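Trainee: Handing you a structure now.
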Amino acid sequence: MSTVPASHIAARIGAELRGADVPLTRVSPLSKAGPDSLSFLASARYRAALSETRAGAVIVKAKDADRAPCAVLVVENPELAFAEAVSVLHPRPVPQPGVHPSAVVHASARLDASASVGPLCVIEADVELGAGVELGPHCVVGAGSSIGPDSRLVGNVMVCSGSIIGARALLHPGAVIGREGFGFARDGDRWVRVPQVGRVRLGNDVEVGANSAVDRGAIEDTVIGDGVKIDSLIQIGHNVSIGEHTAMAACSGISGSTRIGRRCTIAGAVGMAGHLEIGDDVHFTGMAMVTRSQTVPGVYSSGIPAMPNADWRHTIARLKRLDALSDRVKQLEATVRALDAARDGADNEEGADNEEQVLDREQDQP
Amino acid sequence: MSTVPASHIAARIGAELRGADVPLTRVSPLSKAGPDSLSFLASARYRAALSETRAGAVIVKAKDADRAPCAVLVVENPELAFAEAVSVLHPRPVPQPGVHPSAVVHASARLDASASVGPLCVIEADVELGAGVELGPHCVVGAGSSIGPDSRLVGNVMVCSGSIIGARALLHPGAVIGREGFGFARDGDRWVRVPQVGRVRLGNDVEVGANSAVDRGAIEDTVIGDGVKIDSLIQIGHNVSIGEHTAMAACSGISGSTRIGRRCTIAGAVGMAGHLEIGDDVHFTGMAMVTRSQTVPGVYSSGIPAMPNADWRHTIARLKRLDALSDRVKQLEATVRALDAARDGADNEEGADNEEQVLDREQDQP
Amino acid sequence: MSTVPASHIAARIGAELRGADVPLTRVSPLSKAGPDSLSFLASARYRAALSETRAGAVIVKAKDADRAPCAVLVVENPELAFAEAVSVLHPRPVPQPGVHPSAVVHASARLDASASVGPLCVIEADVELGAGVELGPHCVVGAGSSIGPDSRLVGNVMVCSGSIIGARALLHPGAVIGREGFGFARDGDRWVRVPQVGRVRLGNDVEVGANSAVDRGAIEDTVIGDGVKIDSLIQIGHNVSIGEHTAMAACSGISGSTRIGRRCTIAGAVGMAGHLEIGDDVHFTGMAMVTRSQTVPGVYSSGIPAMPNADWRHTIARLKRLDALSDRVKQLEATVRALDAARDGADNEEGADNEEQVLDREQDQP
Chain A
162 MSTVPASHIA ARIGAELRGA DVPLTRVSPL SKAGPDSLSF LASARYRAAL SETRAGAVIV
222 KAKDADRAPC AVLVVENPEL AFAEAVSVLH PRPVPQPGVH PSAVVHASAR LDASASVGPL
282 CVIEADVELG AGVELGPHCV VGAGSSIGPD SRLVGNVMVC SGSIIGARAL LHPGAVIGRE
342 GFGFARDGDR WVRVPQVGRV RLGNDVEVGA NSAVDRGAIE DTVIGDGVKI DSLIQIGHNV
402 SIGEHTAMAA CSGISGSTRI GRRCTIAGAV GMAGHLEIGD DVHFTGMAMV TRSQTVPGVY
462 SSGIPAMPNA DWRHTIARLK RLDALSDRVK QLEATVRALD AARDGADNEE GADNEEQVLD
522 REQDQP
Chain B
162 MSTVPASHIA ARIGAELRGA DVPLTRVSPL SKAGPDSLSF LASARYRAAL SETRAGAVIV
222 KAKDADRAPC AVLVVENPEL AFAEAVSVLH PRPVPQPGVH PSAVVHASAR LDASASVGPL
282 CVIEADVELG AGVELGPHCV VGAGSSIGPD SRLVGNVMVC SGSIIGARAL LHPGAVIGRE
342 GFGFARDGDR WVRVPQVGRV RLGNDVEVGA NSAVDRGAIE DTVIGDGVKI DSLIQIGHNV
402 SIGEHTAMAA CSGISGSTRI GRRCTIAGAV GMAGHLEIGD DVHFTGMAMV TRSQTVPGVY
462 SSGIPAMPNA DWRHTIARLK RLDALSDRVK QLEATVRALD AARDGADNEE GADNEEQVLD
522 REQDQP
Chain C
162 MSTVPASHIA ARIGAELRGA DVPLTRVSPL SKAGPDSLSF LASARYRAAL SETRAGAVIV
222 KAKDADRAPC AVLVVENPEL AFAEAVSVLH PRPVPQPGVH PSAVVHASAR LDASASVGPL
282 CVIEADVELG AGVELGPHCV VGAGSSIGPD SRLVGNVMVC SGSIIGARAL LHPGAVIGRE
342 GFGFARDGDR WVRVPQVGRV RLGNDVEVGA NSAVDRGAIE DTVIGDGVKI DSLIQIGHNV
402 SIGEHTAMAA CSGISGSTRI GRRCTIAGAV GMAGHLEIGD DVHFTGMAMV TRSQTVPGVY
462 SSGIPAMPNA DWRHTIARLK RLDALSDRVK QLEATVRALD AARDGADNEE GADNEEQVLD
522 REQDQP
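One line per chain: the protein sequences are A, B and C, in this order.
Numbered per my numbering, the first sequence spans residues 162 to 527.
Numbered per my numbering, the second sequence spans residues 162 to 527.
Numbered per my numbering, the third sequence spans residues 162 to 527.
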């Protein structure tokens, strides 16, 4: 654990330091901080915690600076500044460049001298690893793949042959990039595999979570744009394309050939059918079932929130009887229409009577 | 990139070549093809693209042959023929037989001389690998397992002890075959693991996708029939059985002891409860929630498609008030019944009045 | 296959043996047992199978003992006793202590002499492995992690740096413990990763299934309580906490910072939003969509069970027209109110007439 003065962090994150230049050793939440802690306030919700924190220093917006009982680092975007500050206080150990002796590296692979290849990795023929690439233990990079500068494969990552990965990728354990996707032709009852000869191309700054899979294209490529963040346990089908800076939470699945725009957010456990067009700035809430293209920016949702089981059974039963309910309403409408008509008829008859009476009177006129 | 004459491909796929014997080097979609491309038309949707393609040759049905501005390879099932043609133009590199020196192979394992074991694989005791079996890097085959001829474990596949895998299997990275499933006995608040001593048996031509898991049986075996295709990120519980040629798309889960018939299709993210019976030729659409046995062939569905968030909130609110709506309809029915009865009563009273009037008149008759 | 006398098993499971001390070699379901099989009856559903079984011995409750046509082992909890008996008849081969020569172990790691490290494992700096720890092939234990006594990592398990794992853990293939979770700050359109510096702490007797991921905490720790059972293909987000003896079935996802109580059960494919509070003894049925905190013990559900596709289309259409139906009911209510008022008015007019008549009569009174 190293000690970093608040002023040093202020310089790194471009903050104005107000108060003492306290020595800091760690980041902590406001409510659990101590005098050696750096904390931050990103949401008004936690203002009460700010005024009671025992942190040594806190990253805040200018408007909150006076609430803090400690040194403050004033910035415009505390969350972003905090992200940087964490890496100052808790730097990730960077491995030595070079190839671990237990790794299996094909003679034709081109590894930048600054790249680091961990124990028991496998690097196949014609692979290219850029400057600063870091492969943790047990990674496999398939033949002909290239990985851009400063990308990090945490460990146990499988990059299948021919994949193209940009700079600063972060691929988590169990991620599978470039699997041959689910493409079959029918031959009577049998399914016959269609060889998948497209590739996966990941842009720069792409992240793929633990045990997620991005399938290679069938003929053309599967394309993941710059800055796309894919969480864990996500399946991306063949020929999908995802636009820049779209983020997807865990447990979602995108079927083949669907195209997703830029700056979308896809919450957890969303399922998307294939061959859809999803526009820019489209957002799906958790467990949404996406069966149609959505090109208008906005938030889309589906699913029934969990409720007590008895209520749910009741609701499902009602839902199944919606048809019957609708029929009853239709029947009521007919009956009421008849009643209404009868009343109008009665009114009209009265009117008719009056008219008759008038006529009668006229006739009665001598 | 090798060059293959169209006539050679025609011979391989049993097609009639009409037009020039063009040299081909690759497969392409109709709309992105060049003179060295082979393409195909499988769906009437793409007929417009066919007439405008710049492909060198196209695989088509006889009825579409005249629409193509290039050489055609005429077959009955273009998709199936294309699957074969892809492998002619883009043959997968086949590894040398033999065991990579970095692999760890138990002395008691029986490996066919034509089998190929990749770097850093682990083959435990009493394993049997058939002719032409191909293990990519980082595969583990547990003690006593057998893998049939021409099966391919792409890489990083885990086959747990005692698994039986048929011929021509294709197991994708991260697949876990034969995990000890989720079986517990209760001991007060505690869950006590019930040892899982059944096996997994995969038939011939079975495929298991990336990061999918097929659990071993508890006492008896989990059985996956011939030709079953299991996509990525799928969980198959213990003692499940799946009939021949059933296909399952990604992100689905099948709970323990459920039996699924033959030729079923299960779309993405379907969840099935345990101990169900699903008949032959039953099809589930995406995200279906399967809580009951379904033995009648047909298509089954559930789930609410995503809609704009405001509409969804409205719909959910309405759904929660379905009971109230139903009560209001019941109340209306009672009121309308009363009104109707009143009207009938009024009619009857009018009748009575008339009768009385008649009587009155009669009485009035002098 | 070894032979074990029924009396030996009775002693191990604390059962009373009634009948012959038959030699047993295996466990079987009641309906498929032979004279060398041990079976059990845990549910009244299978009583018919009990009376017809050909098993050599059956574990039963006292009240069912007379139904068995064979030797019985009488206990209070047959399922629990069976779990123990399975391990007597089918003991799991226990590996030799020591480190496989192909494993890569850092010099600073502290391994108990009774621990077993399988082929091609990677043990990083400052790792601690307790007595009886068993690592199957291809496991990685990251720097500074500790694994408690008698824990078993089946194979291909990734434990990321700094993870703390209690005693008797069972981690299945593909499990990823301590991944850096999905935490980002926004910088305009870009997502900037917030370094995740918390840890994962698993209590004692915790199980994590195949290809499941438990993310490390962002600042504080992700905490999984004693006896928690996590099935396959599950994602646990950063800073989640799960109370003792809670069990989760496959394909579920828990978003970050959600706190789940003790003794909960979470069925398959459940999705939980982040920052929720789930109390003790709360149970969710399969595919439940959990968007709100639930602190009252009980069963919670959501989702529409699958139905024939035509019915489903009809139901969804009705659901979308619920607003219209509700409006129609509102309209009906207005009309019926008007009709009712008209009838009441008629009644009132009659009454008024009567009053007038009365008045008239009074006036008529001479």
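The beta carbon of each residue, even a glycine, is placed where N, CA and C say it ideally should be.
On a predicted model such as this, the values are computed, not experimentally measured, just so you know.
Hey, quick one: how far does the alpha helix (DSSP H) through H444 (chain B) stretch, first residue to last?
Mentor: Position 283 of the second sequence, counted from the first residue, corresponds to residue 444 (chain B). Counting along the chain, H444 (chain B) falls outside any alpha helix (DSSP H), though it belongs to the beta strand (DSSP E) covering V443 to F445.
Trainee: Consult DSSP for P298 (chain B) and reduce its assignment to one of helix, strand or coil.
Mentor: In the second sequence, residue 298 (chain B) corresponds to position 137, counting from 1. Reduced to three states, the DSSP call for P298 (chain B) is coil.
Trainee: Would you give the residue range spanned by the beta strand (DSSP E) that E177 (chain A) belongs to?
Mentor: Here the question's residue 177 (chain A) lines up with position 16 in the first sequence. Start and end: E177 to R179.
Trainee: If you draw a straight line from the alpha carbon of I415 (chain C) to that of V165 (chain B), how long is it in whole angstroms?
Mentor: As a position in the third sequence, residue 415 (chain C) is number 254, starting the count at 1. As a position in the second sequence, residue 165 (chain B) is number 4, starting the count at 1. Distance between the alpha carbons of I415 (chain C) and V165 (chain B): 52 Å.
Trainee: Does G349 (chain C) pass the burial test, meaning 16 or more other C-beta atoms within 10 Å, or should it be called exposed?
Mentor: Translated into positions along the third sequence, residue 349 (chain C) becomes position 188. G349 (chain C) is exposed by the Cβ-count criterion.
Trainee: Please specify which runs of the beta strand (DSSP E), each continuous and at least 3 residues long, are wholly inside the region 333-375 of chain A, giving them in chain order.
Mentor: 337-340, 345-348, 351-354 and 361-363
Trainee: Kindly list, in the order they appear in chain C, the residues whose Cβ is closer than 9 Å to that of S393 (chain B).
Mentor: Translated into the one-based positions of the second sequence, residue 393 (chain B) becomes position 232. Those within 9 Å of S393 (chain B) in chain C number zero; the least Cβ separation is about 10 Å.
Trainee: Candidates A:A264, A:H399 and A:A276: which alpha carbon is nearest V283 (chain A)'s?
Mentor: Taking the first residue of the first sequence as position 1, residue 283 (chain A) is located at position 122. Looking at the Cα atoms, A:A264 is the closest of the given residues.
Trainee: Leaving out the 5 sequence neighbours to the left and right, which residues in its chain are closer than 6 Å to V183 (chain C) when beta-carbon positions are compared?
Mentor: Counting from 1 along the third sequence, the entry for residue 183 (chain C) is found at position 22. Here the set comprises A167, G217, A218 and A232.
Trainee: Taking the straight line between their C-alpha atoms, what separation do you get for A276 (chain B) and L191 (chain A)?
Mentor: Within the second sequence, residue 276 (chain B) is the residue found at index 115, counting from 1. Within the first sequence, residue 191 (chain A) is the residue found at index 30, counting from 1. Cα to Cα, the separation comes out at about 60 Å.
Trainee: According to the Cβ coordinates, are S312 (chain B) and I325 (chain B) closer than 7 Å?
Mentor: The sequence position of residue 312 (chain B) within the second sequence is 151, counting from 1. The sequence position of residue 325 (chain B) within the second sequence is 164, counting from 1. No, the Cβ-Cβ distance between S312 (chain B) and I325 (chain B) is not below 7 Å.
Trainee: Kindly identify the DSSP beta-bridge partner or partners of P466 (chain C).
Mentor: Position 305 of the third sequence, counting from 1, holds the residue named residue 466 (chain C). Partner(s): B:M450.
Trainee: Against F343 (chain C), what residues of chain D qualify as contacts under a CB-to-CB distance less than 7 Å, listed in chain order?
Mentor: As a matter of chain content, chain D is missing from the structure shown, whose protein chains are A, B and C.
Trainee: Does any residue of chain C bring its CB to less than 7 Å from the CB of D432 (chain A)?
Mentor: Walking along the first sequence from the start, residue 432 (chain A) turns up at place 271. Residue identity check: residue 432 (chain A) is Gly in the sequence provided, not Asp. By this cut-off, G432 (chain A) is not an interface position.
Trainee: Given that F243 (chain A) touches chain C, what residues does it touch there, using C-beta distances under 9 Å?
Mentor: Numbered from its first residue, the first sequence carries residue 243 (chain A) at position 82. Near F243 (chain A) (Cβ distances below 9 Å), the residues of chain C are A346 and V355.
Trainee: Which residue wins for smallest C-alpha separation from G180 (chain B), given the options B:R206, B:S204, B:A226 and B:E285?
Mentor: As a first step, residue 180 (chain B) must be located in the second sequence, where it is residue number 19. Out of B:R206, B:S204, B:A226 and B:E285, B:A226 has the C-alpha closest to the C-alpha of G180 (chain B).
Trainee: Check each candidate in C:E237, C:I391, C:L500 and C:M448 and name the one with the smallest Cα separation from I465 (chain A).
Mentor: For this step, residue 465 (chain A) is matched to residue 304 along the first sequence. Ranking the options by Cα distance to I465 (chain A), first place goes to C:M448.
Trainee: Of the residues B:R377, B:G388 and B:M409, which one's Cα is nearest the Cα of A399 (chain B)?
Mentor: Residue numbering aside, residue 399 (chain B) sits at position 238 when the second sequence is read from its first letter. Correcting the residue type first, residue 399 (chain B) is His in the shown sequence and not Ala. When only C-alpha atoms are compared, the closest one is B:R377.
Trainee: So the beta strand (DSSP E) A232 (chain B) belongs to, where does it begin and stop?
Mentor: Working through the second sequence from its first residue, we reach residue 232 (chain B) at position 71. Looking at the DSSP string, the run of the beta strand (DSSP E) that includes A232 (chain B) is A232 to V235.
Trainee: Any C-beta of chain A sitting closer than 7 Å to the C-beta of M319 (chain B)?
Mentor: If you number the second sequence from 1, residue 319 (chain B) lands on position 158. No - not a single Cβ of chain A is within 7 Å of the one on M319 (chain B).
Trainee: How far does the alpha helix (DSSP H) with D242 (chain C) in it extend, from its first residue to its last?
Mentor: Reading the third sequence from its first residue, position 81 is the one you call residue 242 (chain C). Asp is not the amino acid found at residue 242 (chain C); the sequence shown has Ala there. Here the alpha helix (DSSP H) through A242 (chain C) covers P239 to L250.
Trainee: Starting from I170 (chain C), follow the alpha helix (DSSP H) in both directions and report where the run begins and ends.
Mentor: Position 9 of the third sequence holds residue 170 (chain C). From DSSP, the alpha helix (DSSP H) with I170 (chain C) extends over A167 to I174.
Trainee: Could you name the residues of the region 420-452 of chain A whose beta carbon sits closer than 9 Å to any beta carbon of chain C, in the order they occur along the chain?
Mentor: R423, R424, A428, G429, A430, T446, G447 and M448
Trainee: Give every residue of the same chain whose Cβ lies closer than 8 Å to the Cβ of Y461 (chain C), excluding the five residues on either side of it in the sequence, and list them in chain order.
Mentor: Residue 461 (chain C) sits at position 300 when you count from the first residue of the third sequence. Result list for Y461 (chain C): V443, H444, F445, T446, A449, V451 and Q455, in chain order.
Trainee: Taking Cβ-Cβ distances shorter than 9 Å, what residues in chain C pair up with R360 (chain B)?
Mentor: Taking the first residue of the second sequence as position 1, residue 360 (chain B) is located at position 199. Result: empty, since nearest Cβ-Cβ is about 12 Å, beyond 9 Å.
Trainee: Determine the extent of the beta strand (DSSP E) in which A218 (chain B) is found, giving its start and end residues.
Mentor: For this step, residue 218 (chain B) is matched to residue 57 along the second sequence. A218 (chain B) -> beta strand (DSSP E) spans A218 to V221.
Trainee: Return no unless some Cβ of chain C is closer than 7 Å to the Cβ of V497 (chain B).
Mentor: The sequence position of residue 497 (chain B) within the second sequence is 336, counting from 1. Closer than 7 Å: yes.
Trainee: Determine the burial state of R340 (chain B): buried for a count of at least 16 other Cβ atoms within 10 Å of its Cβ, exposed for fewer.
Mentor: The sequence position of residue 340 (chain B) within the second sequence is 179, counting from 1. Answer is buried; the Cβ neighbour count reaches 16.
Trainee: Considering only residues of the same chain and omitting the five flanking positions on each side of H169 (chain C), which have a CB-CB separation below 8 Å?
Mentor: One-based indexing of the third sequence puts residue 169 (chain C) at position 8. Excluding sequence neighbours, H169 (chain C) sits near V249.
Trainee: Using the beta-carbon of each residue, which ones in chain C are nearer than 7 Å to N372 (chain A)?
Mentor: Reading the first sequence from its first residue, position 211 is the one you call residue 372 (chain A). In chain order: G335, V337, N372 and A374.
Trainee: Check whether the region 356-374 of chain B and the region 403-419 of chain A are in contact - that is, three or more C-beta pairs closer than 8 Å.
Mentor: no
Trainee: Using a Cβ-Cβ cut-off of 6 Å (strictly less than) and excluding sequence neighbours within five positions of S426 (chain B), which residues of its own chain qualify?
Mentor: As a first step, residue 426 (chain B) must be located in the second sequence, where it is residue number 265. The question names Ser, but residue 426 (chain B) in the sequence shown is Thr. Counting only Cβ-Cβ distances below 6 Å, and skipping sequence neighbours, we find A408 and H444.
Trainee: What did DSSP end up calling Q455 (chain A) once you bin it into helix, strand or coil?
Mentor: Counted from its first residue, the first sequence places residue 455 (chain A) at position 294. Three-state result, Q455 (chain A): strand.
Trainee: Using DSSP's beta-bridge definition, name the partner residues of K390 (chain C).
Mentor: Reading the third sequence from its first residue, position 229 is the one you call residue 390 (chain C). Per DSSP, C:E368 and C:A408.
Trainee: Could you tell me which of B:G303, B:R215 and B:H475 sits nearest to L185 (chain B), measuring between CA atoms?
Mentor: Here residue 185 (chain B) refers to the residue found at position 24 of the second sequence. The shortest Cα separation from L185 (chain B) among B:G303, B:R215 and B:H475 belongs to B:R215.
Trainee: Looking at chain B, is there any beta carbon in it that lies within less than 7 Å of the beta carbon of H406 (chain C)?
Mentor: For the purposes of this step, residue 406 (chain C) is taken as residue 245 along the third sequence, with counting starting at 1. Interface residue, yes.
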